[in-house]
């Protein structure tokens with residue numbers, strides 16, 4: 405039975421969190437972001453408590469950390485799998501403001517330049533748009549995809565594609581299950 409639990413907790417938690425994140429980001433009722441995140445945190449806490457309950461002494465700490473990392477990755481990938489549900493026609497107005505964001509240290513990501521555009525959109529939203537590319541100068545027409553409930557940042561219509569993948573979360577959760585099974589086997593040998 406403990407082996408089944410070690411395998412089921414990460415799998416069930418990952419599946420439920422993917423479904424919750426997907427639903428909360430696409431809900432036609434405009435579920436507030438805070439409520440969506442709170443639900444995700446509650447599911448994650450329940451998974452960690454269930455994992456801990458499988459073991460008399462907390463089991464493998466590494467497995468618990470991998471569950472946490474895996475469920476965080478589930479949320480990020482489910483968010484990236486969401487497509488904004490509305491598109492609007494906009495015009496860039498005023499001067500495009502540019503900011504530079506340097507990074508420091510060996511192995512740090514490369515510096516980032518952001519272009520901040522003020523927009524005049526049909527319907528009044530969005531009013532501003534930041535991107536790592538200049539989308540146009542004053543007077544340029546652009547199409548922006550956005551979430552009517554404002555739970556996700558707007559994107560250019562051409563970039564409004566699902567690109568989330570369950571591969572990384574699945575690998576992390578599978579490693580967690582494997583470490584849990586090893587901890588259970590080790591505990592059984594120590595008792596025997």
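Numbering (our numbering), first residue to last: 405 to 596.
Beta carbons: idealized from backbone N, C-alpha and C, even for Gly.
1) Compute the distance between the beta-carbons of residue 512 and residue 552, then report whether it is under 8 Å.
2) So, with DSSP's three-state summary, where would you put residue 547?
3) Using a 10 Å radius around the Cβ and a threshold of 16 neighbouring Cβ atoms, would you call residue 533 buried or exposed?
4) Can you give me the C-alpha to C-alpha distance between residue 583 and residue 472, rounded to a whole angstrom?
5) Could you name the residues of the same chain whose beta carbon sits closer than 7 Å to that of residue 573, not counting the 5 residues immediately before and after it, in chain order?
6) Any contact of the region 520-531 with the region 488-502, i.e. 3+ C-beta pairs under 8 Å?
7) Just to confirm before moving on: does the CB-CB distance between residue 570 and residue 422 stay below 8 Å?
8) Go through its chain and collect everything with a Cβ distance to residue 467's Cβ below 6 Å, but skip five positions before and after it.
9) Grab me the residues of residue 578's own chain with a C-beta within less than 8 Å of its C-beta, minus the 5 sequence neighbours each way, in chain order.
10) Ends of the alpha helix (DSSP H) at residue 453?
11) Looking only at its own chain, which residues have a Cβ that is under 8 Å from the Cβ of residue 565, when we skip the five neighbours before and after it?
12) Give me the Cβ distance between residue 547 and residue 536, rounded to the nearest whole Å; I'm assuming they're in contact under 8 Å.
13) Can you list, in chain order, the residues of its chain with a C-beta nearer than 8 Å to that of residue 439? Leave out the 5 residues immediately preceding and following it.
14) Consult DSSP for residue 563 and reduce its assignment to one of helix, strand or coil.
15) Would a C-beta distance cut-off of 8 Å place residue 507 and residue 515 closer than the cut-off?
16) How many Å lie between residue 409 and residue 455 at the Cα?
17) Are the CB atoms of residue 484 and residue 545 nearer to each other than 8 Å?
18) CA-CA distance, residue 549 and residue 556?
19) Can you tell which of 450, 441 and 436 has the C-alpha that lies nearest to the C-alpha of residue 416?
Based on what the coordinates show:
1) no
2) strand
3) buried
4) 14 Å
5) 418, 474, 477, 478 and 481
6) yes
7) yes
8) 580, 583 and 584
9) 414
10) 437-457
11) 487
12) Wrong, their Cβ atoms sit about 18 Å apart, outside the cutoff.
13) 428
14) helix
15) yes
16) 8 Å
17) no
18) 10 Å
19) 450
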